[in-house]
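Peer 1:
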Amino acid sequence: MASGLGVRASCGPPEGALRAFTLDFTDPLNGQPRYNIDFAIGKFDRKSDVMLLQVLLNLLYFDLAPGSAALGFVAPARERLKEDGKLGDLTSKFIVATYLQLLKNGANLAPFVSRGADTLDPMRAPGERSKLMNVNYFIDVLQDNISFLDAQQQFGRYSLLRFDNDVPAVLRNALKTVKDTAAQYDE
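Next comes the structure, spelled out in structure tokens:
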């Protein structure tokens, strides 16, 4: 496994209409939505995609801290991530810590170097495993944990990210888009 996600310059598809979004899905267990990214983080680093991950990691490590700590999630730094859409060293540190804890908790995730680069792919559909490696998607397992903790603690923020004024407007607006699949998988 690589030591972490490398910091890369933005490249790939233009930001435009391709961005983080809400999946056309409602979790049958708790009624929560599921969010997704359009392209791999660590390869394309699209602002709203990285911003979604930063918001989710802040939720896990700071807002849901009592419950998440019980599952072994201890923030690798004292400060919250800046929700700026930039994949910097601190965001990478949180991603790696989360990845390692998910593995420790029994998740079956692809190694970061599965495609020759440190990447985190968008999920195809909640609960669906990757077609190449037959493993779970990081962003899906991460949200399984957040959704569970949010419902358990009756916090209520996770399901309302699209409408939460504390979420950066760029991401709030992106999450108002509802669709079935990430652009990375459009054929």
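Here the sequence shown is numbered in this note's numbering, starting from 910 and rising by one per residue.
Note that beta-carbon positions come from the ideal geometry of N, C-alpha and C, so glycine has one too.
Would you mind giving the Cβ-Cβ distance between Leu-999 and Ala-986, rounded to the nearest angstrom? I have them listed as a contact below 8 Å.
Peer 2: Taking the first residue of the sequence shown as 1, we reach residue 999 at position 90. Taking the first residue of the sequence shown as 1, we reach residue 986 at position 77. Contact holds; Cβ gap of about 6 Å.
Peer 1: Would you report the Cα separation of Arg-928 and Asp-1089, rounded to the nearest angstrom?
Peer 2: The count along the sequence shown starts at 1 and reaches residue 928 at position 19. The count along the sequence shown starts at 1 and reaches residue 1089 at position 180. Those two C-alpha atoms are separated by around 13 Å.
Peer 1: Would you mind stating whether Gly-994 and Met-1042 have Cβ atoms separated by less than 7 Å?
Peer 2: Taking the first residue of the sequence shown as position 1, residue 994 is located at position 85. Taking the first residue of the sequence shown as position 1, residue 1042 is located at position 133. It is not a contact, given that the beta carbons lie outside the stated cut-off.
Peer 1: Ends of the beta strand (DSSP E) at Leu-932?
Peer 2: Numbered from 1 along the sequence shown, position 23 holds the residue referred to as residue 932. Segment 930–932, the beta strand (DSSP E) holding Leu-932.
Peer 1: Just list the residues that DSSP pairs Leu-980 with in beta bridges.
Peer 2: Within the sequence shown, residue 980 is the residue found at index 71, counting from 1. For Leu-980, which the question treats as bridged, DSSP gives no partner whatsoever.
Peer 1: Over the uninterrupted alpha helix (DSSP H) stretch that includes Tyr-1008, give me the two end residues.
Peer 2: By one-based count along the sequence shown, residue 1008 stands at place 99. Per DSSP, Tyr-1008 belongs to the alpha helix (DSSP H) from 998–1013.
Peer 1: Please identify the residue among Ala-1006, Val-1044, Leu-1069, Lys-1013 whose C-alpha is closest to the C-alpha of Gln-941.
Peer 2: Start at 1 with the first residue of the sequence shown, and residue 941 comes out as number 32. Residue Leu-1069 is the option with its Cα nearest to Gln-941.
Peer 1: Under a Cβ-count criterion, where at least 16 other Cβ atoms within 10 Å of its own Cβ denotes burial, should Thr-935 be classed as buried or exposed?
Peer 2: Sequence index remark: in the sequence shown, residue 935 carries index 26 (1-based). Exposed, by the Cβ-count rule.
Peer 1: Relative to the alpha-carbon of Asn-1074, which residue among Phe-948, Val-964, Ala-949, Gly-951 has its alpha-carbon at the smallest distance?
Peer 2: Here residue 1074 refers to the residue found at position 165 of the sequence shown. Looking at the Cα atoms, Val-964 is the closest of the given residues.
Peer 1: Tell me where the alpha helix (DSSP H) around Lys-1040 begins and ends.
Peer 2: Here residue 1040 corresponds to residue number 131 of the sequence shown, with the count starting at 1. Looking at the DSSP string, Lys-1040 is not in any alpha helix (DSSP H), and its letter there is neither H nor E.
Peer 1: Leaving aside the five residues before and after Arg-1066 along the sequence, list all residues of the same chain whose C-beta is less than 7 Å from its C-beta, in chain order.
Peer 2: Here residue 1066 refers to the residue found at position 157 when the sequence shown is read from its first residue. Contacts found: Leu-968, Asp-972, Asp-1059, Asp-1073.
Peer 1: Is Ala-1091 closer than 7 Å to Asp-958 when the C-beta atoms are compared?
Peer 2: Looking up residue 958 in the sequence shown gives position 49. Looking up residue 1091 in the sequence shown gives position 182. Not a contact, by the Cβ cut-off of 7 Å.
Peer 1: Note down, in chain order, each residue of its chain lying with its Cβ closer than 7 Å to the Cβ of Asn-1014, except the 5 sequence neighbours on either side.
Peer 2: Here the question's residue 1014 lines up with position 105 in the sequence shown. Leu-980, Gly-981, listed in sequence order.
Peer 1: Kindly give me the distance between the Cβ atoms of Asn-1045 and Asn-1017, rounded to whole angstroms, as I take these residues to be in contact under 8 Å.
Peer 2: The count along the sequence shown starts at 1 and reaches residue 1045 at position 136. The count along the sequence shown starts at 1 and reaches residue 1017 at position 108. Rounded, the Cβ-Cβ distance is 5 Å, consistent with contact.
Peer 1: Would Leu-996 be called buried (16 or more neighbouring beta carbons within 10 Å of its own) or exposed?
Peer 2: Looking up residue 996 in the sequence shown gives position 87. Looking at its Cβ environment, which holds 16 or more other Cβ atoms inside 10 Å, Leu-996 is buried.
Peer 1: For Leu-1011, which option in Phe-1047, Arg-1038, Asn-945 has the closest C-alpha, if you only look at C-alpha atoms?
Peer 2: On the sequence shown, residue 1011 is found 102 positions in, with the first residue counted as 1. Per the Cα distances, Phe-1047.
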